[in-house]
Every structure is written in C-alpha cells, then in structure tokens.
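Here's the structure, in structure tokens; my notes come after.
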Amino acid sequence: MTESGQSTTPAEPRSRTDADVRAGFRVAITDGVALLTIDRPKANAIDAATSVAMGQAFLAFEADPTVRVAIVTGAGERFFSAGWDLSAAGEGEAFDSDYGAGGFGGFVDLPNRTVPVIAAVNGMAVGGGFEIAMAADFLIAADHAQFFLPEASLGILPDAGSVRLPRMLPPHVAREVLYAGRRLSAADVERFGIANRVVPGSDLLVAATELALRIAASAPLSVAAIMDIERCTASLDPIEAMLFIKGLPSYRACIDSDDANEGTAAFAERRSPIWSGR
Numbered sequence: 001m002t003e004s005g006q007s008t009t010p011a012e013p014r015s016r017t018d019a020d021v022r023a024g025f026r027v028a029i030t031d032g033v034a035l036l037t038i039d040r041p042k043a044n045a046i047d048a049a050t051s052v053a054m055g056q057a058f059l060a061f062e063a064d065p066t067v068r069v070a071i072v073t074g075a076g077e078r079f080f081s082a083g084w085d086l087s088a089a090g091e092g093e094a095f096d097s098d099y100g101a102g103g104f105g106g107f108v109d110l111p112n113r114t115v116p117v118i119a120a121v122n123g124m125a126v127g128g129g130f131e132i133a134m135a136a137d138f139l140i141a142a143d144h145a146q147f148f149l150p151e152a153s154l155g156i157l158p159d160a161g162s163v164r165l166p167r168m169l170p171p172h173v174a175r176e177v178l179y180a181g182r183r184l185s186a187a188d189v190e191r192f193g194i195a196n197r198v199v200p201g202s203d204l205l206v207a208a209t210e211l212a213l214r215i216a217a218s219a220p221l222s223v224a225a226i227m228d229i230e231r232c233t234a235s236l237d238p239i240e241a242m243l244f245i246k247g248l249p250s251y252r253a254c255i256d257s258d259d260a261n262e263g264t265a266a267f268a269e270r271r272s273p274i275w276s277g278r
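For the sequence shown, counting from 1, position 11 maps to 11 in our numbering; every step adds exactly one.
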C-alpha cells in the first residue's frame, strides 16, 4: 500500500464480516475502496439496529486513512433496499426511531464527512432505499433498477425524499413521485441527471469500482475540501461562496499541504503522485 492508499499490487480484501453479517450487511475493503453490501433477505430492508450498525461502519471508514471511497449496494439483483423494514414497524419500531450517528442508512447525516459514497443500485430502490441513493455523492444504476417512494400510500411520508427530490428533479416530476408514487426507471434517473451512468447489471460493481478508483487517485485533502465547500456553500450565491471558502480550514489545509507541492511536482516530472494526506 502506498502512502496514497493505492496498492502497487492487487490486495486481498479486508473484511469485517462476523458482526456486520449479523447486523444485516457485510463490508470488504480493497485498494482504498470500502464495499458495504446490505444483505437482509428478502428485500434488503433496514431496521433501526441495522442502520445504527451501518453508521458505525461509516464512522470506521472516516477514521481509517486508507479508506478513500465507499460503495454501498444491495445483495442480489432484485432489491438495492426496500427502505424502512415494515416488519420492524409492525413489531413496534417507531418511524422516528434512533437510526444512529449517520441517520437512516448510516452515512446520510454524518457531519463533515470526508469519504465520498457511491450508490451502486442493483435493483429496486424503494422508500428509504431511494433516499439513501439520493444522499450518495455518486450513483451508478443497473439498467433494470427502479426508484420510487410509496410512503404517502402507506400513511407516512418520505421525509428526506421530500427535501432532496425537489432539488434533483423538475418540480412537477418530483411531486408525482412524492405524492402519487410514480416509479422512475434507470433510464429516467440518467435522463434527469440523478445517475452518473446506467450499466448492465453484470457490470454494476465493475463500473462503481472504476469510478471509486478514479476518485481515490485524487489527493485526499482535495476531495475533503471540495466536499466541505459543496456542503457549506449550497445556499450562497457564487460571490458570497468564494469569499466564504477562503476561511474554511479544509480550504487552507488543502492548498497549503505537502500534497499540493507533490501534485505539481509529479505533473512536472511526468509521474504519478504519492499522496501523504498532509
């Protein structure tokens, strides 16, 4: 493993399987990319305990400097995730339960997150499953994937979807999805710019991993600063934003870093940079 977190030779994946499988997911880490696979038959639905455990996994990614990108996907080909586990609801779990440090799905509400997340949507993303996909920084969809929010028909509501989706779709389309349960196909989410790309199901993890490795090849402080800038300036106009970012610690940490010097030196010397994260 180089200082950048990239291997010079193929690495054996590190897995955290025992506890994670009991929690309803499994994790493998290879070449700086953490793959978290939701695995709760039959529909990869998530209850509060699973969400809390996923949050701990994403916190562990944040604490591990060798983890540069995370991919979240579902086991099988039918469901990415059916969202909130309604069987848990039937057993008394409240809609507004404690879903852990990162909110429902483990990462969506983590403050100051520095590890980008790619949603590799392998099938139906339903309710909270669609909300997890919306919250990811990148989305790769299998060509048979579908996306929909049935909550209004169940007497509840897609709270995160009600906030995020109108910012991602034309308003009239977003309302039809939110109020009337319209299903979006993989082609729809690509056409509306929600998906980075759509690929055959057999190529999904290959495409997601290829994107993850390209992200991981960038300087870690650069990626962290760009994520911070996007978070902090979403409600500012461009002039205000440019003035604001000069005071961000992540901005200064990036442009004053050893990696900033290393990147320009590597370019001049026609070699790959070796990132130190400093």
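Ideal Cβ placement from N, Cα and C applies to all residues, glycine included.
Proximity of residue i and residue j at Cβ, strictly below 8 angstroms
i: Ala70; j: Phe79; result: no
i: Ala216; j: Gly32; result: yes
i: Leu211; j: Ala253; result: no
i: Ala186; j: Ala142; result: yes
i: Ile132; j: Ser81; result: yes
i: Val115; j: Arg164; result: no
i: Ser51; j: Phe104; result: yes
i: Gly277; j: Pro65; result: yes
i: Pro166; j: Ala160; result: no
i: Asp39; j: Arg26; result: yes
i: Gly83; j: Val121; result: no
i: Ala53; j: Ala23; result: yes
i: Gly181; j: Ser153; result: yes
i: Ala266; j: Ser257; result: no
i: Ser250; j: Ala268; result: no
Residue i - DSSP class collapsed to helix/strand/coil
i: Ile245; result: helix
i: Arg197; result: strand
i: Arg271; result: coil
i: Ser4; result: For Ser4, the predicted structure reports a pLDDT of 40, less than 50, and the residue's modelled location is therefore unreliable. A value from the coordinates is still provided. Looking at Ser4 - three-state DSSP - the assignment turns out to be coil, as it is neither helix nor strand.
i: Val115; result: coil
i: Arg175; result: helix
i: Val206; result: helix
i: Val126; result: strand
i: Leu287; result: Nothing about residue 287 can be read from this structure; the chain reaches only from 1 to 278.
i: Ala180; result: helix
i: Ala187; result: helix
i: Ile226; result: helix
i: Ile215; result: helix
i: Ile255; result: helix
i: Thr233; result: helix
i: Val108; result: coil
i: Gly100; result: coil
i: Arg278; result: coil
i: Val67; result: coil
i: Glu240; result: helix
i: Leu169; result: coil
i: Leu157; result: coil
i: Ala266; result: helix
i: Thr9; result: Any answer about Thr9 is weak, because its pLDDT of 37 lies below 50 and its placement is not dependable; what the coordinates show is given next. Correct three-state label for Thr9: coil.
i: Phe95; result: coil
Buried or exposed by the 16-neighbour rule on C-beta atoms within 10 Å, applied to residue i
i: Asn196; result: buried
i: Leu243; result: exposed
i: Thr37; result: buried
i: Glu151; result: buried
i: Asp259; result: buried
i: Tyr179; result: exposed
i: Leu139; result: buried
i: Ile239; result: exposed
i: Ala234; result: exposed
i: Phe107; result: buried
i: Ile255; result: exposed
i: Val206; result: exposed
i: Glu12; result: Note that Glu12 scores a pLDDT of 47, beneath 50, so its modelled location is shaky and nothing firm can be said.
i: Ile274; result: exposed
i: Asp188; result: buried
i: Phe130; result: buried
Which residues DSSP lists as bridging residue i, in chain order
i: Phe138; result: Ile118
i: Ser81; result: Ala125
i: Val72; result: Leu36, Ala119
i: Ile132; result: Ile132 pairs with nothing; no bridge assigned.
i: Ile46; result: Trp84
Integer Cβ distance of residue i from residue j, believed to fall under 8 angstroms
i: Ala145; j: Met124; result: 7 angstroms
i: Ala136; j: Val72; result: 7 angstroms
i: Leu149; j: Pro158; result: 4 angstroms
i: Phe147; j: Leu184; result: 4 angstroms
i: Ala34; j: Phe61; result: 5 angstroms
i: Asn44; j: Gly74; result: 4 angstroms
beta-carbon residue i near the ligand MN non-hydrogen atom, thresh 7 angstroms
i: Arg113; result: Summarising the ligand content, the structure contains no ligands, and the ligand MN is consequently not present.
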